[in-house]
Amino acid sequence: MARAGLVTSPPSPAWCVLGRGGGGRTVLVLLPAEGEELSHRDCAPEELAEAVARIEAEHSPRWVWSDAAAWYPRLLAAGVTLERCHDLRLVHRILRHSELVREADGLRAADEWDTPLDPYEPPRETGATLFDIDAGSSRSGAVPGEIEETLAELTRQREAIDGSREAPRLRLLIAAESAGALIAAELQAAGIPWDVVEHDRILTEALGPRPSPGAAPERMVSAAAEVRTALGDPLVSLDSPPKLLRALHRAGIDVSSTSQWELQGHEHPAVEPLLRYKKMSRLLTANGWAWLDEWVHEDRYRPVYVPGGVVTGRWASSGGGALQIPRRLRPALCAAPGWLLVSADVSQLEPRVLAAMSADRQMIAAGAGKDLYSGIVEAGIVTTRQEAKVGVLGALYGGTTGDSGRVVPRLRRTFPEAMALVDGAAATGERGGTVTTWLGRSSPAPEESWTLAQRTANQPDAPAGEQERSRRSERDRGRFTRNFVVQGTAAEWALSWMAALRLRLARFPEVAEDERASASGPVFSRRAHLAFFLHDEVIVHAPAEQAEAAATAIRESADAAGRLLFPGSPIDFPLDLQITERSAEK
DNA sequence: GGAAACAGCGCG
DNA sequence: AAAGCGCGCTGTTTCC
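For the first sequence, counting from 1, position 110 maps to 110 in full-length UniProt numbering; every step adds exactly one.
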């Protein structure tokens, strides 16, 4: 009954709203349960962390603020963690688009809440700097973060939720999204334990020793020389696609672009060193020594996560490329001495989410307790696991050609409910409609110009070229909405997983602080904590004696997330789980 | 001379 | 062997 526990609020759900007041002070408004008295107080910047910690200990309220990204980092720095929050800016963007909200005009009018906070901009609230001015009195418009506007937005949002067609689902989504905001700030504060020596070793092995500034590494220089010799062009730039393409043509290599997948089909002696050069160039520019200098300090890599940064609800990152760390650098992700990494990823998250959403019994059965793709092979639908994978991805992404185009029709016969769900989402998108995830995040409506252009092109007298272009545009949008419902619901599952895990880990006992683990700061060097998240994968950094318990917590949380989203469904979400000192390359 | 777009490639 | 969805980041080219 995990679901009921979250949906029907406990008897006295205090909310504590944080906002900027006058004179650089912060106002705290405690919204109590009915019948109790509303209370508020304000405090100076240097008193804030202590005041928040005291209220958290006494009432454990849901903290309401403009953005976790603006308020939470300095609380964490002061050693304060919070259990739950309501992130108005993230929630605003969900509610104003959601099809489940009946009346969103008020929210849409408050468009100052639509702007995502620029993570590079220093936080503009709480008056924690000495130079803070009293913004409240000097501005005319409503400003997120000021206490009056914060309370007004909370009221708008509560009305929108209470009046929605499916308030319980929306409440789950909002709680999960807000938990994500806490987690993102905590992940950044804790940092990813990073072994600079190992990273340097991988770079040196691949590229040669670190060159002096401005120079290219040895092995890139020699690979480039091989390419130029083979092309008979001693000066050609390998970093300029147009120039390189012309040089390739002059050497008789018939390609339409310089991308690796097109090059690798050709026999020419320039191809092998060129592909080698491209690999090295990529590693150097994206995650080379300059990246190490910029992003890793005191054994921690601290990327910037952007919760809700993708339309589907997935996280994005901004700076540091947290979600694109190449697998070959994974071994640099390494536990502090005396600590361990507990890594877990969900097998075939998206297909399983689709199976659960559509309650497709055959598809659920194919994945029950094992690899879903192997299950499809065993059911006799295809002959190889690779075929099953390509077919399922084609179903999720709207593939029509090649292997996936051949397998999808067979999947449609075997898994009719699952396929009907994604096919329906695609049809809605092609018509210009909106689709919605399991918990209520809706896809953005198409631009007005798009709808208009489609209507014009669909007139019988429209030029054939225009009609063709219009059909292609419709299909593009259909593939987007087809994938949106699945990718978005998978993101909701992952948030629920992490939210449950985070609360379990917070109840772990404290251990003695370790010298190297202390690089994670006062909060995260005394017990197991989340260190990494990547769509369907988490890594917990744990004192060795807590690693087994952390693994159990990860599994329990995955089960809890499944029950929370799909109560009563037989769907399962098996994990690949490993306890190691060093992350595996795979 | 700086912003925007593109190419290419890393991740799920 | 690539395709079909969603991203970020770098270096280069193009545009204003």
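Note that the Cβ used here is the ideal one computed from N, Cα and C, for glycine as well.
| field | Extent of the continuous alpha helix (DSSP H) to which S470 belongs | value | To locate residue 470, count along the first sequence from 1; it is residue 470. First-last of the alpha helix (DSSP H) with S470: A464 to A506.
| Which value, in whole angstroms, describes the spacing of the CA atoms of Q454 and P460? | Locating residue 454 in the first sequence gives position 454, counting from the first residue. Locating residue 460 in the first sequence gives position 460, counting from the first residue. Those two C-alpha atoms are separated by around 12 Å.
| query | Among all the DSSP beta bridges, which residues are the ones paired with S39? | reply | As a first step, residue 39 must be located in the first sequence, where it is residue number 39. Bridge partners of S39: L30.
| Expressed to the nearest angstrom, what Euclidean distance is found between the alpha-carbon atoms of Y305 and E294? | By one-based count along the first sequence, residue 305 stands at place 305. By one-based count along the first sequence, residue 294 stands at place 294. Each residue's Cα considered, the two are about 16 Å apart.
| task | Note the first and the last residue of the continuous beta strand (DSSP E) segment covering P543. | result | Start at 1 with the first residue of the first sequence, and residue 543 comes out as number 543. Unbroken beta strand (DSSP E) run through P543: E537 to P543.
| task | Could you round the C-beta distance between G432 and R482 to whole angstroms and report it? I think they count as a contact, below 8 Å. | result | Counting from 1 along the first sequence, the entry for residue 432 is found at position 432. Counting from 1 along the first sequence, the entry for residue 482 is found at position 482. Rounded, the Cβ-Cβ distance is 14 Å, inconsistent with contact.
| field | Check whether L396 and L439 have beta carbons under 8 Å apart | value | Position 396 of the first sequence holds residue 396. Position 439 of the first sequence holds residue 439. No, the pair does not count as a contact, with Cβ atoms beyond the cut-off.
| query | Does the separation of the CB atoms of L505 and A528 fall below 8 Å? | reply | The count along the first sequence starts at 1 and reaches residue 505 at position 505. The count along the first sequence starts at 1 and reaches residue 528 at position 528. In this structure, A528 lies closer than 8 Å to L505 by Cβ.
| request: In angstroms with no decimal places, state the Cα-to-Cα distance between A78 and V236. | output: Translated into the one-based positions of the first sequence, residue 78 becomes position 78. Translated into the one-based positions of the first sequence, residue 236 becomes position 236. C-alpha separation (whole angstroms): 55 Å.
| If you draw a straight line from the alpha carbon of G375 to that of S404, how long is it in whole angstroms? | Against the first sequence, residue 375 aligns to sequence position 375. Against the first sequence, residue 404 aligns to sequence position 404. Distance between the alpha carbons of G375 and S404 is about 17 Å.
| message | I need the DSSP call for L18, collapsed to helix, strand or coil. | response | What you label residue 18 is simply residue 18 of the first sequence in a count that begins at 1. Note: L18 maps to strand in three-state DSSP.
| C-beta contact flag for E492 and L173 at 8 Å | Locating residue 492 in the first sequence gives position 492, counting from the first residue. Locating residue 173 in the first sequence gives position 173, counting from the first residue. Yes, these two residues count as a Cβ contact at 8 Å.
| request: For the region 530-538 and the region 338-348, state whether three or more C-beta atom pairs, one from each stretch, are separated by less than 8 Å. | output: Yes: the two stretches touch, three or more of their Cβ pairs being nearer than 8 Å.
| request: Give the straight-line distance between the Cα atoms of Q467 and W63, rounded to the nearest whole angstrom. | output: For the purposes of this step, residue 467 is identified with residue 467 of the first sequence, where counting begins at 1. For the purposes of this step, residue 63 is identified with residue 63 of the first sequence, where counting begins at 1. When rounded, the distance between both Cα atoms is 52 Å.
| query | Can you name, in chain order, every residue of its own chain whose Cβ lies under 7 Å from the Cβ of F415, other than the five neighbours on each side? | reply | For the purposes of this step, residue 415 is taken as the residue at position 415 of the first sequence. The beta carbon of F415 sits closer than 7 Å to those of D360, Q362 and M363, all from its chain and outside the five residues before and after it, given in chain order.
| request: To the nearest angstrom, report how far apart W497 and R441 are at their CA atoms. | output: The residue given as residue 497 occupies position 497 in the first sequence. The residue given as residue 441 occupies position 441 in the first sequence. Roughly 18 Å between the two C-alpha positions.
| task | Note down, in chain order, each residue of its chain lying with its Cβ closer than 8 Å to the Cβ of H40, except the 5 sequence neighbours on either side. | result | Counted from its first residue, the first sequence places residue 40 at position 40. Closer than 8 Å at the Cβ level, and outside the excluded window around H40, lie V27, L28, V29 and L30.
| task | Taking the CB atoms as reference points, tell me whether C85 and I55 lie closer together than 8 Å. | result | Translated into positions along the first sequence, residue 85 becomes position 85. Translated into positions along the first sequence, residue 55 becomes position 55. Here C85 is not near I55, since their CB atoms are 8 Å or more apart.
| In three-state DSSP terms, what is P567? | Counting from one through the first sequence, the residue named residue 567 turns up at place 567. Of the three classes helix, strand and coil, the one that applies to P567 here is coil, per DSSP.
| query | Does the separation of the CB atoms of L284 and P217 fall below 8 Å? | reply | Translated into the one-based positions of the first sequence, residue 284 becomes position 284. Translated into the one-based positions of the first sequence, residue 217 becomes position 217. Yes; because the gap between Cβ atoms is below 8 Å, this pair is in contact.
| D162 - DSSP class collapsed to helix/strand/coil | Within the first sequence, the letter at position 162 stands for residue 162. Helix.
| request: Find the nearest neighbour of E387 within the set V296, Y373, G398 and V197, judged by alpha-carbon distance. | output: Working through the first sequence from its first residue, we reach residue 387 at position 387. Here the closest residue by C-alpha is Y373.
| task | Go ahead and label G127 buried or exposed: buried means 16 or more other beta carbons lie within 10 angstroms of its beta carbon, across all protein chains shown. | result | Reading the first sequence from its first residue, position 127 is the one you call residue 127. Annotation note: pLDDT 38 at G127 (below 50); position unreliable, coordinate value reported separately. By the neighbour-count definition (other C-beta atoms within 10 Å, threshold 16), G127 is a buried residue.
| message | Would G180 and R302 be called neighbours here (beta carbons separated by less than 8 Å)? | response | The residue given as residue 180 occupies position 180 in the first sequence. The residue given as residue 302 occupies position 302 in the first sequence. No, Cβ-Cβ distance for G180 and R302 is not below 8 Å.
| What does a CB cutoff of less than 7 Å around G163 pick up in its chain, not counting 5 residues either side in sequence? | Translated into positions along the first sequence, residue 163 becomes position 163. R102 and E103.
| field | Secondary structure of D559, DSSP reduced to three states | value | Looking up residue 559 in the first sequence gives position 559. Residue state, collapsed to three classes: helix.
| beta strand (DSSP E) segment containing W438, residue limits | Position 438 of the first sequence, counted from the start, is the residue given in the question as residue 438. Taken as a continuous stretch (DSSP letters only), W438 belongs to no beta strand (DSSP E), as it is neither H nor E.
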